[in-house]
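Student:
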Amino acid sequence: MLGLNKKDVGLLLVVIVLTVFAPFILNPFPEGSALAQFNAGYPDLMQRLVIFGIFAIGFNILFGLTGYLSFGHAAFLGAGSYAGIWMIKLLTLNIVPAIIASIVVAGLFSLLVGWISLRRSGIYFSILTLAFAQMSYSLAYSVLTPITGGETGLQPKVSDPRIFDAALAEGTTPRANFFGMFMNDSYELVLGGWVFTFNVGYYIAALFLVIAFYISIRIFRSPFGLMLRAVKSNQQRLNYTGIESRPYTLAAFVISGMYAGLAGGLLVAMDTQAGAERMFWTASGEVVLMTILGGAGTLIGPVLGAGFIKYFENIVSKINESVLQAWFSFMPEGMQDLVVSIFYPFIGKGWHLTLGIIFMLVVIFLPGGLMEGGQRISNLFKKKSNTDSGSGKSSPAAAE
Amino acid sequence: MGILEVKGVNKSFGGLQALNDVNLNVEEGTVHAIIGPNGAGKSTLLNCFIGKLIPDSGTVTFDNESLLGRKPHQINQMGVSRVFQTPEIFSDLTVFENVIIACFAKRDGAFELNALSSVASQTDMQEKAAQMLIDVNMIDKRDEMASSMSRGDKRRLEMAMCLAQDPKLLLLDEPTAGMARADTNNTIDLLKEIQEARGITMAIIEHDMHVVFSLAEKISVLAQGTVIVEDAPENIKGNPKVQEAYLGGAH
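Going down the list, the protein sequences come from chains A and B. 415 is the number of the first residue of the first sequence in this note's numbering; add one for each residue after it. -9 is the number of the first residue of the second sequence in this note's numbering; add one for each residue after it.
1) Counting only Cβ pairs nearer than 7 Å, list the residues of chain B close to A/E658.
2) Within 7 Å of any Cβ in chain B, is that where the Cβ of A/Y601 sits?
3) Kindly say whether B/I194, judged by its beta-carbon, lies nearer than 7 Å to any beta-carbon of chain A.
4) Which residue marks the beginning of the beta strand (DSSP E) containing B/V50, and which one marks its end?
5) What residues of chain A sit near B/M151, judged by a beta carbon separation below 7 Å?
6) So with CB distances below 8 Å, who are the chain B contacts of A/Y662?
7) Indicate whether A/L680 and A/I465 have their beta-carbon atoms separated by less than 7 Å.
8) Could you have a look at B/D133 and say whether DSSP puts it in helix, strand or coil?
9) Which class does A/T712 belong to by DSSP, given the choice of helix, strand or coil?
10) For the beta strand (DSSP E) containing A/I733, name the first residue and the last one.
11) Find the residues of chain B that neighbour A/N474, judging by a C-beta separation of less than 8 Å, and give them in chain order.
12) Find out if the Cβ-Cβ distance for the pair B/V211, B/V201 is shorter than 7 Å.
13) On the three-state DSSP scale, how would you describe A/F438?
14) Can you give the Cα-Cα distance for A/L525 and B/Y236, rounded to whole angstroms?
15) Quick one: grab the DSSP three-state call for B/T166.
16) Which bits of chain B does A/K732 rub up against, with CB to CB less than 8 Å?
17) In the DSSP assignment, find the unbroken beta strand (DSSP E) run with B/L(-6) in it and report its ends.
18) Since A/F627 and A/I471 are thought to touch, with beta carbons under 8 Å apart, how far apart are those beta carbons, to the nearest angstrom?
19) Relative to the C-alpha of A/Y617, which residue among A/W608, A/S600 and A/G606 is closest?
20) What residues of chain A sit near B/D82, judged by a beta carbon separation below 8 Å?
21) Measure the CB-CB distance between B/P77 and A/Y654 and report whether it falls below 7 Å.
22) Let me know the beta strand (DSSP E) ranges lying completely inside the region 631 to 695 of chain A, each 3 residues or longer, listed in chain order.
23) Could you tell me if A/A811 is buried or exposed, where buried requires 16 or more neighbouring beta carbons within 10 angstroms of its beta carbon?
24) Nearest to B/L6 by alpha carbon, out of B/G29, B/E196, B/N175 and B/R146?
25) What residues match up with B/E55 in a beta bridge as DSSP calls it?
26) Got a sec: is the Cβ-Cβ distance from B/I184 to anything in chain A below 7 Å?
27) Tell whether a beta-carbon distance below 7 Å holds between B/G142 and B/N88.
28) Under the three-state reduction of DSSP, which class applies to B/D156: helix, strand or coil?
29) By the criterion of Cβ-Cβ separation under 7 Å, what are the contact partners of A/R651 in chain B?
30) So, is A/K807 buried or exposed, given that buried needs 16 or more other C-beta atoms within 10 angstroms?
31) From the DSSP secondary-structure annotation, give me the bridge partner or partners of A/Y725.
32) Quick check on the burial criterion: 16 or more other C-beta atoms within 10 angstroms. Buried or exposed for A/S630?
33) Between which two residues does the alpha helix (DSSP H) harbouring B/H63 extend?
34) Could you tell me if B/P165 is buried or exposed, where buried requires 16 or more neighbouring beta carbons within 10 angstroms of its beta carbon?
35) By the 10 Å Cβ neighbour count, where 16 or more other Cβ atoms means buried, how is B/P45 classified, buried or exposed?
36) Going by C-alpha to C-alpha distance, which of A/I771, A/I756, A/T611 and A/F596 sits closest to A/V510?
Structure, rendered in structure tokens:
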């Protein structure tokens, strides 16, 4: 079906089901309950989950398959954002031109950066991409201020030309739409104590995630994907097998750049603003973390990694001292203060500390990321059921 | 007229004359061995064939086309496949994927953006790769990781990858270096089989006399950067020049 084998169709269905039912899955606790702060089913966060999922899927096509570690992918996300916001300002508040422009501009920009950076491999490649991204960031802040808005960034204004749209009345806020459906429109479903929010912008972003994921499966299973894995494995052999590795790595670089551009365009479509901070090196680092945390080189790992980081970033940052006090209120007074002061550095603004610890634990104990964790758990169950049934048949790997 | 012709090749590194007016002719359909003591210039000469080094003067032609200044992948696309001293394979991929990559390289050339067709649907390539694995007796290991193969199997796999490209010339750089006697004999048998079945021209650079005399139809002896003798194997052993080169008379 769709040119996929059974297992991949299953994977695609999992992603579709997860994205369609995310408003339910992410809102498991009733409104107003003590656990409601762990809910993530509000539009802004859900949009970010899928958009950064797309970013990570694209990054994984480069890093997971070829092993080339780019430390500058946020530059393409930023370039896509700027291209998108200009379409919104100049053409129309409909997001279609914005998204197309963001993909095209990011693709061209990544072609330029890749053309130069891919002359080197390993750490030199990483440093080159990092240098490019930081240059883009500095330019966006300084010389390019007329195009990028500098520190304030860009937002649509009532007075923008928008040549395809009818003029907006003075005092209204310009809202991005998809043929009349506004991105920030939501439908709320109240079921007992639960409130589920279905947001237009989220579902449009989710549709792009499903398409992006489908294309990524096709690339993984294609001869092109096989060549990319061969690049990672042994470039010398590949060259002596008659294949030039650079066009392959460049194509992978541009494809992943276009994914980043799409993510940037979608960010603009959702919040109609763009700023240089999206290009900062920490943003490039974040997508590396997402991919490795989820499992580089696996299909679904990067999506999980992106979801994991964005979810916990939001939840952990929201916890403050009084929440901690409430959690540990069952303890005796002195003990409570001690425990709260131990946990305090890891919450709120200390979220990066928590992320750092999680990342270290994953890299040390699960080098294959969350996907490897899942695999180990399922293997554990398989082994158990094997010994239970008394088959005693060892795996082929053990028989070698 | 040989398929690989080397004429008047000189190469020096600093003050060291590594190759000194080397002339060599590999006839089509034959197994040609290049032997010589350590430091005779065998590896330098091989590197001139495959685009790693460019000689200071002289010509290297394959099929009447110059090889000089071409990149390794271009030389491979002309029909020259190379087997390395330590088998170079894609360790992180399965045995089957290793071979099918070579099949794609033969069909699609140096670059083809086949990003949306699936490997599994390319039945002709699948069959060809499977046939190659049958030819080298490795079909039962097709889904195993290449890194888990024994040294001898890695060599077989590398050979299968080279053969999948139907090369006109197979370059072998000490194919049995570091192998146990049994593995060496297996490799000799494999090469003999391939030669008989396909008649591929082979140029072997080798240290091991046992291998050379079991396979080669013609031997060039390289010493101090020059070909001192080029003859059939039976005439090589008794040749006083060869004995001198090997027993150190020249030093």
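Glycine included, every Cβ here is placed at the ideal spot set by N, Cα and C.
Tutor: In short:
1) Neighbours of A/E658 in chain B, taken as residues at a C-beta separation under 7 Å, are given in chain order as H63, A100 and F101.
2) For A/Y601, the answer is no, since every Cβ of chain B falls outside 7 Å of its Cβ.
3) So no, B/I194 is outside the interface.
4) Membership of B/V50 in the beta strand (DSSP E) is indicated by the continuous run S47 to F52.
5) Neighbours of B/M151 on chain A, chain order: T655.
6) Simply F101.
7) A/I465 sits close to A/L680, with the two beta carbons spaced by under 7 Å.
8) Of the three classes helix, strand and coil, the one that applies to B/D133 here is coil, per DSSP.
9) Coil, per DSSP.
10) No beta strand (DSSP E) contains A/I733, which DSSP labels as neither H nor E.
11) The contacting residues do not exist; A/N474 stays about 15 Å from chain B at best.
12) Going by C-beta atoms, B/V211 is not nearer than 7 Å to B/V201.
13) Looking at A/F438 - three-state DSSP - the assignment turns out to be helix.
14) Cα-Cα distance, rounded: 55 Å.
15) B/T166 falls in the coil class under three-state DSSP.
16) Taking the beta carbon of A/K732 as reference, no residue of chain B falls within 8 Å; the closest one sits roughly 41 Å away.
17) Here the beta strand (DSSP E) through B/L(-6) covers L(-6) to F3.
18) Indeed, because the Cβ distance is near 6 Å, the residues count as touching under 8 Å.
19) From the listed residues A/W608, A/S600 and A/G606, the smallest Cα separation to A/Y617 is found for A/S600.
20) Correct list: R643, K646 and S647.
21) Taking 7 Å as the Cβ cut-off, B/P77 and A/Y654 do not qualify as a contacting pair.
22) Look at the region 631 to 695 of chain A and you find no whole run of beta strand (DSSP E) that is 3 residues long or longer.
23) Confidence in A/A811 is poor, its pLDDT being 39 and thus under 50, which makes the residue's placement unreliable; the coordinate value appears in the next sentence. Result: exposed.
24) Comparing Cα positions, the closest option is B/G29.
25) Note: B/E55 sits in a beta bridge opposite B/F52.
26) Contact of B/I184 with chain A is not assigned, every C-beta pair being separated by 7 Å or more.
27) Against a cut-off of 7 Å, the Cβ pair of B/N88 and B/G142 comes out as no contact.
28) Of the three classes helix, strand and coil, the one that applies to B/D156 here is coil, per DSSP.
29) Within 7 Å Cβ-Cβ: E78, I79 and F80.
30) Only weak support exists for where A/K807 lies, its pLDDT of 39 falling under 50; the coordinates are left without a value.
31) Answer is none; A/Y725 lacks a bridge partner.
32) Buried.
33) That run of the alpha helix (DSSP H) goes P62 to Q67.
34) By the neighbour-count rule (16 or more Cβ atoms within 10 Å), B/P165 is buried.
35) By the 16-neighbour rule on beta-carbons within 10 angstroms, B/P45 is buried.
36) Checked all of A/I771, A/I756, A/T611 and A/F596; the closest Cα to A/V510 is A/F596.
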